[in-house]
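**Student:** Numbering (the working numbering), first residue to last: 1103 to 1218.
A virtual CB, placed ideally from N, CA and C, is assigned to each residue, including glycine.
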C-alpha cells in the first residue's frame, strides 16, 4: 500500500508559475509510475504528466513545453513544475501511483486556483 500527499497548491496569477510536490510513503519500491492529474469543476479528471520509475515521461498536449515532471527516488517525491499557467487551468491537482501489481493509489489533491 502507498500513501500519497500533494503539496504546493495555492493561488497563482495567469502567466505565473507554481511547483507541486507529490510525496509517497509505504511500499514505494513497488511503484512503477506516478502521474499528475487535474480535475476542473464540472469536468473529468485528466492526465497532465506522468513519469515512470525509469524516468520516462509523457505530457498532455496542452501542457507540453510549459510543465515539467521530475522525480527524486531517494526522497520518494515527484515534482510538477508549472509555468505560464492559463486562466483556463484552475483545478484540483492529484497525483496517482501505479503499482507493479496493477493497483493504483490517489492522493487527496491540492487546489490550484488561477486568477486572470
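Which of the three DSSP states is assigned to residue 1214 in this structure?
**Tutor:** Annotated three-state conformation of residue 1214 is strand, per DSSP.
**Student:** What residue from 1182, 1103 and 1217 has the CA that sits closest to residue 1153's CA?
**Tutor:** 1182
**Student:** The beta strand (DSSP E) with residue 1190 in it runs from where to where?
**Tutor:** No beta strand (DSSP E) holds residue 1190; DSSP gives it neither H nor E.
**Student:** Comparing alpha-carbon positions, which option in 1110, 1103 and 1126 lies nearest residue 1212?
**Tutor:** Among 1110, 1103 and 1126, the Cα nearest to that of residue 1212 belongs to 1110.
**Student:** Which same chain residues end up closer than 6 angstroms to residue 1105 when comparing Cβ atoms and leaving out the 5 residues on each side of it in sequence?
**Tutor:** Take residue 1105, set aside five residues on each side of it, and the residues of its chain with a beta-carbon closer than 6 angstroms to its own are 1127 and 1128, in chain order.
**Student:** So residue 1151 and residue 1162 are supposed to be a Cβ contact under 8 angstroms. How far apart are they, rounded?
**Tutor:** With a Cβ gap of about 7 angstroms, residue 1151 and residue 1162 count as contacting.
**Student:** Classify residue 1148 as buried or exposed, calling it buried when 16 or more other Cβ atoms lie within 10 Å of its own Cβ.
**Tutor:** exposed
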